[in-house]
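The opening position of the sequence shown corresponds to residue 0 in numbering that gives the first Met the number 0, with each subsequent residue numbered one higher.
Don't be surprised by glycine CBs; every beta carbon is placed ideally from N, CA and C.
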Amino acid sequence: MLGVGAEVRLRPREPIRVPVYAPCITPDAFAGLSEREIGSLEVQRGNRKVKLADVFHVEGDASAKADELTIRLQGDLSKVRQVGFEMATGLIVIEGDIGLLTGEHMRGGRIEVHGNAGSWLGTRMVGGTIEVLGSAGDYVASAYRGSREGMSGGSIIIHGSAGYELGNFMRGGAIEVRGSVGLFPGIHMQGGAILVRGDCEGRPGAFMRGGKIIICGHVPAILPGFNVIRISKGVKFKGEKVQGPFYTLIGDLTENGDGRLHIAKEPNKHLAYLEDLIGP
Numbered sequence: 000m001l002g003v004g005a006e007v008r009l010r011p012r013e014p015i016r017v018p019v020y021a022p023c024i025t026p027d028a029f030a031g032l033s034e035r036e037i038g039s040l041e042v043q044r045g046n047r048k049v050k051l052a053d054v055f056h057v058e059g060d061a062s063a064k065a066d067e068l069t070i071r072l073q074g075d076l077s078k079v080r081q082v083g084f085e086m087a088t089g090l091i092v093i094e095g096d097i098g099l100l101t102g103e104h105m106r107g108g109r110i111e112v113h114g115n116a117g118s119w120l121g122t123r124m125v126g127g128t129i130e131v132l133g134s135a136g137d138y139v140a141s142a143y144r145g146s147r148e149g150m151s152g153g154s155i156i157i158h159g160s161a162g163y164e165l166g167n168f169m170r171g172g173a174i175e176v177r178g179s180v181g182l183f184p185g186i187h188m189q190g191g192a193i194l195v196r197g198d199c200e201g202r203p204g205a206f207m208r209g210g211k212i213i214i215c216g217h218v219p220a221i222l223p224g225f226n227v228i229r230i231s232k233g234v235k236f237k238g239e240k241v242q243g244p245f246y247t248l249i250g251d252l253t254e255n256g257d258g259r260l261h262i263a264k265e266p267n268k269h270l271a272y273l274e275d276l277i278g279p
């Protein structure tokens, strides 16, 4: 049960011009605290540590259990980062744009963004759900630089578009983008599933070893490490059968990969040559 008890509301005291790192904004951290105690939690504004109440007006208390708590953030929060860090339960509702690293290491609960989200959304996510009603930046659900551990569980839904390297080193879970994506979706992918209902700028599945990528829109070209194996009438994604037909390819063979790349046939007439490469 999520967000049916107490509610805490946060509004910026003034326009936020310097990045604010606020990993304490989670139902887990707020649970059982009074309004004053919540305001005393520590965040980092630029190179200084300050109290949460120095940055936000805090209203309400969190006397409920974490799984019954809703945190509602209002305003332009595009410079507020790490909201929902290691969140395990409860509900965060963001009424506006939000900055980098939202839902980082998220383990459970739900985050709703009624606006756009910055880059690194859901990085190394383990569980829970993130839904963005706008668009998201680069590196959604990706590994840190130098790491091979991307998203391993949970679900991300983006109603708009997403940037480059969606699902970098993804190991599990599911990502749905209802708009279009940039270059390299599913790069180094090892498991899980990605559904793109719009177009892809190019190079889907580069270096992938496992998992599933479905692209319903236009793709400029297929990387040479993929072999077409059949034309599929439809492909399953989270219990839904996404209607095709799709070119189904296996790869990335340059990595001895066994991933599946499904590219919609109708928007990609330039890929008709693939039909001649399907074996008996």
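If you check the CB distance, residue 225 and residue 248 come in under 8 angstroms. Around the beta carbon of residue 101, 16 or more other beta carbons sit within 10 angstroms, so the residue counts as buried.
Shown here, residue 95 sits in coil according to DSSP, grouped into three states, outside any helix or strand. Counting along the chain, residue 52 sits inside the alpha helix (DSSP H) bounded by residues 51-54. Taken in chain order, the complete alpha helix (DSSP H) segments of 4 residues or longer contained in the stretch 29-83 are 34-38 and 51-54. Your pair residue 87 and residue 30 does not check out as a contact, with CB atoms roughly 10 angstroms apart and the cut at 8 angstroms. The criterion of a C-beta distance shorter than 8 angstroms is not satisfied by residue 16 and residue 58. Judged by DSSP in its simplified three-state form, residue 140 adopts coil rather than helix or strand. Listed in chain order, the non-local C-beta contacts of residue 55 below 7 angstroms within the same chain comprise 9, 10, 11 and 12, local neighbours out to five positions each way being set aside.
A distance below 8 angstroms separates the beta carbons of residue 106 and residue 125.
Rounded to the nearest whole angstrom, the C-alpha separation of residue 176 and residue 167 is 15 angstroms. Restricting attention to 38, 120 and 205, the CA atom closest to the CA of residue 253 is found in 205. Counting every other CB atom within 10 Å of its CB across the protein chains shown gives residue 191 a total of 16 or more, marking it as buried. In the three-state reduction of the DSSP assignment, residue 85 falls in the coil class, being assigned neither a helical nor a strand state. A buried status is given to residue 163, since no fewer than 16 other beta-carbon atoms sit within 10 Å of its beta-carbon. Cβ contact annotation for residue 273 (same chain, cutoff 6 angstroms, sequence separation greater than five): 227 and 246, in chain order.
Taken in chain order, the complete beta strand (DSSP E) segments of 3 or more residues contained in the stretch 201-278 are 211-214, 226-236, 239-250 and 258-263.
For residue 222, the closest alpha carbon among the candidates 260, 161 and 215 is that of 260. Rounded to whole angstroms, residue 123 and residue 165 show a C-alpha spacing of 12 angstroms. Taking all protein chains in view, the Cβ of residue 22 is crowded by 16 or more other Cβ atoms within 10 Å, so the residue is classified as buried. Rounded to whole angstroms, the gap between the alpha carbons of residue 231 and residue 201 is 21 angstroms.
Taking a 10 Å sphere around the C-beta of residue 269, we find fewer than 16 other C-beta atoms and assign the residue as exposed.
Annotation for residue 134: no beta strand (DSSP E) segment contains it, and DSSP assigns it neither H nor E.
Excluding the 5 residues flanking it on each side, residue 44 has same chain C-beta neighbours closer than 7 angstroms at 17, 19 and 54, in chain order.
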